[in-house]
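First comes the structure, then the notes that go with it.
In full-length UniProt numbering, the protein residues as written are 1 to 189.
Quick look at the structure:
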């Protein structure tokens with residue numbers, strides 16, 4: 001049993017690195033952020049609830065992921081949700097938002113758009129879609145950015161782990177593990 005636990009722990013810590021993610025161990029000197037609280041999703045399909053609750057809390061609302069899930073689904077069901085449903089939850093707590101998609105992958109926001117959103121205190125909720133053929137994606141909260149050695153990076157809270165990570169901005173758009181598919185932005189009053 002001890003070997004199985006060790007194996008599972010090693011896999012858990014290896015997955016983020018295999019996906020090209022990096023834990024934030026210290027804040028780069030030139031980092032800017034609208035940092036949301038780190039919330040680990042309570043259920044396997046609740047990335048949307050944890051992300052919505054994190055953004056709502058950042059905006060001053062006293063919202064748990066359970067509150068958020070109930071407002072959206074009317075119960076605590078371990079079901080995925082759409083961007084529309086997250087926006088419905090944000091609206092329930094008095095927050096407006098906008099949405100766009102990148103289904104054709106022909107347009108992504110540029111780095112200055114990300115900077116502007118974050119500099120104005122608007123963390124965003126991107127949906128990433130796995131390249132392995134999975135039928136559902138994963139919501140995270142993009143809430144920071146920095147530039148190092150002429151390379152732009154985005155910072156985000158991943159509710160699967162409840163931690164912050166950073167990634168090269170161009171890699172975040174599309175890499176071997178996922179591609180960016182949708183975005184909830186302009187979250188505010």
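Cβ atoms here follow ideal geometry from the backbone N, Cα and C, with glycine treated the same way. Predicted, not measured: the structure shown is a model, and the values here were computed from it.
task: Determine, using beta carbons only, whether residue 117 and residue 185 come nearer to each other than 8 Å.
output: yes
- request: List the residues that DSSP assigns as beta-bridge partners of residue 99.
  value: 184
Beta-carbon contacts of residue 189 that lie in its chain and below 6 Å, excluding the five residues immediately before and after: none
query: Which residues in the same chain have their Cβ closer than 6 Å to the Cβ of residue 56, if we skip the five residues on either side of it in sequence?
result: 63 and 93
message: Tell me which residues share the same chain as residue 69 and place their Cβ nearer than 7 Å to its Cβ, disregarding the 5 neighbours each side in the sequence.
response: 46, 49 and 76
- prompt: Going straight from the alpha carbon of residue 78 to that of residue 43, what length do you get?
  reply: 6 Å
query: Could you give the residue range of the alpha helix (DSSP H) that holds residue 86?
result: 83-92
message: Would residue 182 and residue 130 qualify as a contact pair, given that the criterion is a beta-carbon distance under 8 Å?
response: no
- prompt: Span of the alpha helix (DSSP H) holding residue 148?
  reply: That residue, residue 148, is in no alpha helix (DSSP H); its beta strand (DSSP E) goes 141-148.
query: Hey, how far is the Cα of residue 33 from the Cα of residue 137?
result: 25 Å
- request: Under 8 Å Cβ to Cβ from residue 162, same chain only, skipping five residues before and after it: list those, please.
  value: 38, 39, 40, 41 and 50
Whole-angstrom distance between residue 171 and residue 71, CA atom to CA atom: 34 Å
query: Applying the criterion that 16 or more other CB atoms from any shown protein chain within 10 Å of the CB defines a buried residue, is residue 139 buried or exposed?
result: buried
query: How is residue 52 classed by DSSP in three states: helix, strand or coil?
result: helix
task: Would you decide whether residue 178 is buried or exposed? Buried here means 16 or more other CB atoms lie within 10 Å of its CB.
output: buried
- prompt: For residue 143 versus residue 159, is the C-beta spacing smaller than 8 Å?
  reply: no
task: Grab the span of the alpha helix (DSSP H) containing residue 152 for me, first residue to last.
output: Residue 152 -> not in any alpha helix (DSSP H); beta strand (DSSP E) instead, spanning 151-158.
For residue 67 and residue 88, the rounded distance between their alpha carbons: 13 Å
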